[in-house]
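Engineer:
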Amino acid sequence: QAILCLPRSFEYSQKNAVLVPVAALGVGGMLLYWLRSGRKIKTIDMGDGWWGSGERHLKGKEDASIRPFKIETSDKEIEDLHRRLDQFRFTPPVEGAAFHYGFNSNYLQKVVAYWRNQFDWHKQVEVLNKYPHFHTTIEGIDIHFIHVKPSYVPHGRAVRPLLMVHGWPGSFYEFYKIIPLLTEPAKHGLNEGDVVFEVICPSIPGYGFSEAPHQKEFDSIATARIFHKLMNRLGFKQYYLQGGDWGSRITTNMAQMLPQSVKGLHLNLVFIAKQSLGRLICTMLGAYVPWLIGFSREDARRFYPFMQKNVYDVLRESGYLHIQATKPDTAGCGLNDSPVGLAAYILEKFSTWTDKSFLHKDDGGLESKYSLDELLTNVMIYWVTSSIVSSMRYYKENFSKDPDLSAHKRVGVYVPTGIAAFPQEIVHVPRVWAKDVYKNIISYSYMPRGGHFAAFEEPKLLAQDIIQFVQKVEQL
Amino acid sequence: EFCSSLAGIMLLEVFLVLGTLLIYFLFSKKKEETLPFKDGWWGRGQKPVTKEDSSIRPFKVETTEEELSDLFRRLDQARFTEPLENSCFHYGTNSVHLRKVVSYWKNQFNWKKQVEVLNKYPQFKTKIQGIDIHFVHVKPPHLPAGQAAKPLLMVHGWPGSFYEFYKIIPLLTDPASHGLGDEHIFEVVCPSIPGYGFSEAPHKKDFNSVSAASVFYELMLRLGFNEFYTQGGDWGWLICTNLAQIAPNHVKGLHLNMVSVSKLGLTHLLSILLGRYFPGLFGFQDEDVRRMFPFLKKGLYRILSESGYAHIQATKPDTVGCGLNDSPVGLAAYILEKFSSWTDMEFQNLEDGGLERKFSLDDLLTNIMIYWVSGCIVSSMHFYKEHLQKGIGTQKHEK
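So the protein sequences, as listed, match chains W and V.
The first sequence begins at 1 in full-length UniProt numbering and counts up one residue at a time.
The second sequence begins at 1 in full-length UniProt numbering and counts up one residue at a time.
Now the structure itself:
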């Protein structure tokens with residue numbers, strides 16, 4: 001047998017002399033190709049869209065003018081509101097309900113009394129108009145935005161453009177307290193360093209003073225594209241993005257669509273991607289050995305107990321999401337007709353999503369964090385624009401497609417990302433999980449206090465985190 | 001010989017033991033488990049020491065000019081939102097069609113006439129466990145000699161009411177006049193679930209289906225019925241089922257037009273995966289297979305797309321009901337959507353939701369008016385929270 005092998009091994013060694021280098025070259029070549037194609041970052045297709053009514057006008061270019069806009073009101077509008085507030089039909093709560101059954105109607109009566117007798121919409125409209133508003137037509141619909149530049153820029157200092165996107169049931173108004181901290185940080189006692197912003201806050205189409213899409217399937221990707229076009233039209237090539245709630249998803253899509261335009265992405269809410277079996281097992285283990293799965297002590301404190309915080313709490317709070325993602329026209333109909341119903345629906349979120357313990361309070365803890373004036377101003381934006389139904393349709397357009405197929409789930413985010421994790425946010429997403437999507441997290445902060453409406457509730461904390469994030473990006 | 005007799009004794013022993021076991025087994029199975037009657041006090045504040053007034057008072061639905069003019073004012077000021085192009089009923093109630101319904105409601109619907117229609121059957125109220133229970137009680141107009149009327153309790157659901165039974169009542173109390181055989185004649189009792197229509201809403205938490213069943217059980221006893229039949233769909237199916245679990249000796253028969261499964265076990269899972277291919281193995285009939293499969297489309301997706309209302313009502317009823325009690329148009333949109341999809345899922349593809357194919361606008365609006373004039377939409381939704389808040393499949397009556 002050994003003798004027979006000899007000639008064979010001779011032949012093999014000859015073959016090997018040729019085969020091995022060829023194989024090595026082949027493998028090496030493939031490796032190189034793979035590495036290089038891996039370098040080329042996958043992005044979401046920009047695509048295009050048309051959201052105006054009827055057929056798109058193919059002739060002539062779209063009007064790209066930017067038109068100044070001022071919010072207005074009339075006595076007629078206010079009288080109509082007052083009449084509806086006066087005729088509100090009240091249902092007493094069950095004994096001991098607090099906010100466990102939703103917005104407590106005893107407390108609602110107090111809110112309505114304030115709204116009817118003390119809230120001054122004329123004055124609030126002036127407050128809203130203190131920042132410059134504009135309208136511009138993109139893809140067939142009027143996009144509303146405010147654009148605030150710093151009143152004074154020290155010599156040689158660069159002004160960074162920052163696009164901030166709101167969510168539901170919020171509006172551009174949520175940013176009114178944080179804007180001055182970003183455009184004039186020094187004046188407000190913030191350590192400005194080198195960073196000063198000019199802030200642009202658009203309204204998502206279908207929300208507030210932005211026209212609602214007339215066609216179906218207007219989702220966050222379409223919104224991302226429109227906001228890129230907006231920034232482009234305003235003359236910006238590179239800009240920072242900030243968002244929470246829908247704003248988080250939209251700005252993420254923007255970073256996935258045109259990473260070269262996004263200098264940095266800052267989020268106060270992270271949407272978690274799909275769960276897998278492995279992830280589930282990790283979660284179970286993590287309750288006992290959090291360090292094994294990459295959870296910090298603070299992560300574990302915020303994330304566990306798992307069932308309570310991530311399953312029960314979410315189920316309890318997501319009824320609105322379920323009905324809005326399936327029957328928005330039904331859910332919104334009565335709310336566009338009854339301002340009190342609209343207020344109850346919206347303010348319930350400002351209670352529970354600010355602090356979960358507010359459920360136990362008879363007044364939902366609302367006035368411990370916000371003034372009735374600012375809460376009602378936000379509600380009025382939905383009321384005077386009749387935008388509640390179109391705001392709800394956004395849920396259906398974004399959730400009705402099979403979640404696993406949506407493009408943005410398969411595309412990572414490579415722009416520098418900063419995450420501010422607020423303790424009372426609805427669900428806590430640890431950094432190690434956020435890395436699934438956000439490949440380039442350069443700042444992840446555990447905020448000491450605050451909930452879902454970060455800019456509204458804790459503007460200073462959020463501003464500080466944004467500024468330190470941008471300073472880090474500028475030094476990269 | 002000795003061995004055989006020993007063996008014989010052993011065999012006898014074995015048989016004795018087996019026989020005892022068998023008898024014990026048979027008898028223990030016969031002992032039915034009943035659900036305990038749930039006593040409660042649902043009135044305002046503390047339960048008074050004095051005995052409850054158990055009189056049965058006749059009741060008539062009434063309306064006033066003020067009520068009507070308030071309704072019309074609200075219909076006139078309704079603010080609609082244009083639907084998306086080509087959306088039919090896929091996003092919920094289509095507001096273009098809703099405008100037509102509202103126009104009919106304002107100009108042709110005659111609430112005074114409908115109130116007379118409602119009052120054509122005798123209605124009553126009686127206080128049970130602290131709250132006023134409303135019910136319709138219809139006796140047969142004529143009984144053949146020697147035949148007794150069978151008492152039948154019929155329970156409605158959400159977003160329905162006692163009014164749903166108005167067309168079927170004569171077919172049960174007077175079958176002969178309607179071309180049906182008169183072997184069985186019924187006297188029908190249709191109560192309103194507490195918190196619905198003209199029944200007072202519970203003022204305390206935890207009023208669930210077992211509470212409702214206990215209340216209706218007391219009602220039937222108070223009316224003098226020892227044995228009765230029960231019929232129910234939607235919430236009615238659960239309340240009647242609970243009633244049969246509480247008092248099996250009083251419920252002669254239970255008829256349901258809806259059944260829900262709350263405990264999903266391995267067999268159920270297997271039957272979903274394999275039932276299409278081996279129906280016989282899981283006890284499915286051909287018609288079962290035709291209706292259930294493809295399961296994802298007809299089961300899971302359908303449940304997800306239609307259960308948003310149940311999710312929000314089971315968690316935040318006070319929030320979602322608030323606007324509906326203030327806007328009759330919002331209330332109509334919310335309720336009519338169910339009368340469209342739950343009658344036929346395909347109706348979502350129609351611009352008018354197929355509503356008038358099966359129902360008249362008068363009937364649909366009368367049902368809605370019952371929710372409107374009684375202001376009960378919020379309390380009607382509490383029932384969902386009281387039932388679902390502890391989770392599905394965890395409650396005793398589900399076992």
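Think of the CB as a built atom: it goes at the ideal place given N, C-alpha and C, for glycine as much as any other residue.
Model, not experiment: these values are computed from the prediction.
Does DSSP classify Thr20(V) as helix, strand or coil?
Structural biologist: Stepping through the second sequence from its first residue, residue 20(V) is reached at position 20. Three-state DSSP puts Thr20(V) in a helix.
Engineer: Report yes if the C-beta distance between Tyr384(V) and Ala310(V) is below 8 Å; otherwise report no.
Structural biologist: Reading the second sequence from its first residue, position 384 is the one you call residue 384(V). Reading the second sequence from its first residue, position 310 is the one you call residue 310(V). Cβ distance < 8 Å, so Tyr384(V) and Ala310(V) count as in contact.
Engineer: Short check: CB of Phe145(W) to CB of Ser203(W), under 8 Å?
Structural biologist: Taking the first sequence and counting its residues from 1, one reaches residue 145(W) at position 145. Taking the first sequence and counting its residues from 1, one reaches residue 203(W) at position 203. Result yes, Cβ atoms of Phe145(W) and Ser203(W) sit closer than 8 Å.
Engineer: Are the stretch 179–199 of chain W and the stretch 132–149 of chain W in contact at 8 Å, needing three or more beta carbon pairs?
Structural biologist: yes
Engineer: Helix, strand or coil, according to DSSP, for Ile204(W) in the structure here?
Structural biologist: If you number the first sequence from 1, residue 204(W) lands on position 204. In the structure shown, Ile204(W) sits in coil (DSSP, three-state: anything other than H, G, I, E or B).
Engineer: Could you work out which residue in Ile128(V), Leu324(V), Gln114(V) is closest to Ser214(V) when comparing CA atoms only?
Structural biologist: The count along the second sequence starts at 1 and reaches residue 214(V) at position 214. Among Ile128(V), Leu324(V), Gln114(V), the Cα nearest to that of Ser214(V) is on Ile128(V).
Engineer: Once you ignore the five residues that flank Leu85(W) on each side, which residues in its own chain have a CB closer than 7 Å to its CB?
Structural biologist: Residue numbering aside, residue 85(W) sits at position 85 when the first sequence is read from its first letter. In chain order, Val112, Trp115, Arg116, Pro339, Val340 place their CB closer than 7 Å to the CB of Leu85(W), counting only its own chain and leaving out the 5 sequence neighbours on each side.
Engineer: Have a look at Leu152(V), Tyr24(V), Ile185(V), Gly179(V) and flag the residue whose alpha-carbon is nearest the alpha-carbon of Leu143(V).
Structural biologist: As a first step, residue 143(V) must be located in the second sequence, where it is residue number 143. Check the Cα spacing between Leu143(V) and each of Leu152(V), Tyr24(V), Ile185(V), Gly179(V): the tightest is with Ile185(V).
Engineer: Can you give me, in chain order, the residues of the stretch 208–223 of chain W that have a beta carbon less than 7 Å from any beta carbon in chain V?
Structural biologist: His214, Gln215, Lys216
Engineer: Enumerated in chain order, which unbroken segments of the alpha helix (DSSP H) with a length of 4 residues or greater are wholly contained in the stretch 190–228 of chain V?
Structural biologist: 209–222
Engineer: Terminal residues of the continuous beta strand (DSSP E) containing His311(V)?
Structural biologist: Stepping through the second sequence from its first residue, residue 311(V) is reached at position 311. Here His311(V) belongs to no beta strand (DSSP E); instead the alpha helix (DSSP H) covers 308–315.
Engineer: Chain W partners of Arg79(V), CB-CB under 7 Å?
Structural biologist: Taking the first residue of the second sequence as position 1, residue 79(V) is located at position 79. Per Cβ cutoff of 7 Å: Asn336, Asp337, Ser386.
Engineer: Output yes if chain W places a C-beta closer than 8 Å to the C-beta of Asn208(V); else output no.
Structural biologist: Taking the first residue of the second sequence as position 1, residue 208(V) is located at position 208. Closer than 8 Å: no.
Engineer: For Tyr240(W), which option in Met254(W), Arg249(W), Trp246(W), Trp121(W) has the closest C-alpha, if you only look at C-alpha atoms?
Structural biologist: Translated into the one-based positions of the first sequence, residue 240(W) becomes position 240. Minimum Cα distance to Tyr240(W) is reached at Met254(W).
Engineer: To the nearest angstrom, how far is it from the Cα of His268(V) to the Cα of Gly280(V)?
Structural biologist: One-based indexing of the second sequence puts residue 268(V) at position 268. One-based indexing of the second sequence puts residue 280(V) at position 280. Rounded to the nearest angstrom, the two C-alpha atoms are 14 Å apart.
Engineer: With a threshold of 8 Å between beta-carbons, can Lys205(V) be considered close to chain W, or not?
Structural biologist: Mapped onto the second sequence, residue 205(V) falls at position 205. It does; some Cβ of chain W falls within 8 Å.
Engineer: With distance defined between alpha-carbon atoms, name the residue in Ala222(W), Glu77(W), Tyr131(W) nearest to Arg249(W).
Structural biologist: Looking up residue 249(W) in the first sequence gives position 249. Checking every option, the nearest Cα to that of Arg249(W) belongs to Ala222(W).
Engineer: What residues in the stretch 301–319 of chain V have a beta carbon less than 8 Å from any beta carbon of chain W?
Structural biologist: Answer set for the stretch 301–319 of chain V: Leu304, Ser305, Glu306, Ser307, Gly308, Tyr309, His311, Ile312, Gln313, Ala314, Thr315, Lys316, Pro317, Asp318, Thr319.
Engineer: Going by C-alpha to C-alpha distance, which of Asn110(V), Thr81(V), Thr20(V), Asp76(V) sits closest to Thr64(V)?
Structural biologist: Here the question's residue 64(V) lines up with position 64 in the second sequence. Per the Cα distances, Asn110(V).
Engineer: Can you give me the start and stop residues for the beta strand (DSSP E) that Leu58(W) sits inside?
Structural biologist: The sequence position of residue 58(W) within the first sequence is 58, counting from 1. Here Leu58(W) belongs to no beta strand (DSSP E), and DSSP marks it neither H nor E.
Engineer: Locate the alpha helix (DSSP H) running through Arg297(W), then write down its first and last residues.
Structural biologist: Looking up residue 297(W) in the first sequence gives position 297. Start and end: 297–303.
Engineer: According to DSSP, simplified to helix, strand and coil, what is Gln324(W)?
Structural biologist: Here residue 324(W) refers to the residue found at position 324 of the first sequence. If DSSP states are grouped into helix, strand and coil, Gln324(W) belongs with the helices.
Engineer: Run the CB neighbour count on Pro93(W), radius 10 Å, all protein chains shown included, and call it buried at 16 or more, exposed below.
Structural biologist: As a position in the first sequence, residue 93(W) is number 93, starting the count at 1. The residue in question, Pro93(W), is buried, as its Cβ has 16 or more Cβ neighbours within 10 Å.
Engineer: Should Pro202(V) be flagged as near chain W, meaning a C-beta pair shorter than 8 Å?
Structural biologist: Taking the first residue of the second sequence as position 1, residue 202(V) is located at position 202. So, interface residue.
Engineer: Using DSSP with H/G/I as helix, E/B as strand and the rest coil, what is Leu6(W)?
Structural biologist: Here residue 6(W) is taken as the residue at index 6 of the first sequence, counted from 1. With a pLDDT of only 49 at Leu6(W), under 50, the local geometry of the prediction cannot be trusted, and the value read off the model is given with reservation. Looking at Leu6(W) - three-state DSSP - the assignment turns out to be helix.
Engineer: How close, in whole Å, do the beta carbons of Ala176(V) and Pro194(V) come, if the pair is a contact with beta carbons under 8 Å?
Structural biologist: As a position in the second sequence, residue 176(V) is number 176, starting the count at 1. As a position in the second sequence, residue 194(V) is number 194, starting the count at 1. 35 Å between Cβ atoms; not a contact.
Engineer: Check the DSSP bridge columns for residue 477(W) and list the partner residues they point to.
Structural biologist: Outside the shown range of chain W (1 to 476) lies residue 477(W), about which nothing can therefore be said.
Engineer: Nearest by alpha-carbon distance to Pro423(W): which of Thr252(W), Pro448(W), Asn129(W), Val314(W) is it?
Structural biologist: Taking the first sequence and counting its residues from 1, one reaches residue 423(W) at position 423. Closest option to Pro423(W), Cα to Cα, is Pro448(W).
Engineer: Using a Cβ cut-off of 8 Å, pull out every chain W residue sitting near His382(V), in sequence order please.
Structural biologist: In the second sequence, counting from the first residue as 1, residue 382(V) sits at position 382. Ordered by position in chain W, the residues that pass the 8 Å Cβ test against His382(V) are Val94, Tyr101.
Engineer: In chain V, which residues lie with their C-beta within 8 Å of the C-beta of Gly319(W)?
Structural biologist: Here residue 319(W) is taken as the residue at index 319 of the first sequence, counted from 1. Gly308, His311, Ile312, Gln313, Ala314, Thr315, Lys316, Val320, listed in chain order.
Engineer: Given a limit of 9 Å on CB to CB distance, which residues of the UniProt domain "Epoxide hydrolase N-terminal" (56–165) of chain V reach chain W?
Structural biologist: Asp70, Arg73, Arg74, Gln77, Ala78, Arg79, Phe80, Thr81, Glu82, Pro83, Leu84, Glu85, Asn86, Ser87, Phe89, His90, Tyr91, Gly92, Thr93, Asn94, Ser95, Leu98
Engineer: Please return the same chain residues whose Cβ sits closer than 6 Å to the Cβ of Cys5(W), not counting the five positions on each side in sequence.
Structural biologist: Sequence index remark: in the first sequence, residue 5(W) carries index 5 (1-based). For Cys5(W), the predicted model reports a pLDDT of 47, less than 50, meaning its position is unreliable; a value from the coordinates is still stated below. Answer for Cys5(W): no residue qualifies.
Engineer: Check for me: the beta strand (DSSP E) holding Gly92(V) runs from which residue to which?
Structural biologist: Locating residue 92(V) in the second sequence gives position 92, where the first residue counts as 1. Taken as a continuous stretch (DSSP letters only), Gly92(V) belongs to no beta strand (DSSP E), as it is neither H nor E.
Engineer: Compile a chain-ordered list of the residues in the stretch 334–350 of chain V whose CB is closer than 8 Å to at least one CB of chain W.
Structural biologist: Only Tyr334, Glu337 from the stretch 334–350 of chain V bring a Cβ to less than 8 Å from some Cβ of chain W.
Engineer: Please confirm if Lys47(V) has its CB atom under 8 Å from at least one CB of chain C.
Structural biologist: Note that chain C does not occur in the displayed structure, where the protein chains are W and V.
Engineer: Counting beta carbon pairs with one atom in the stretch 304–318 of chain V and one in the stretch 306–326 of chain W, are three or more of them shorter than 8 Å?
Structural biologist: yes
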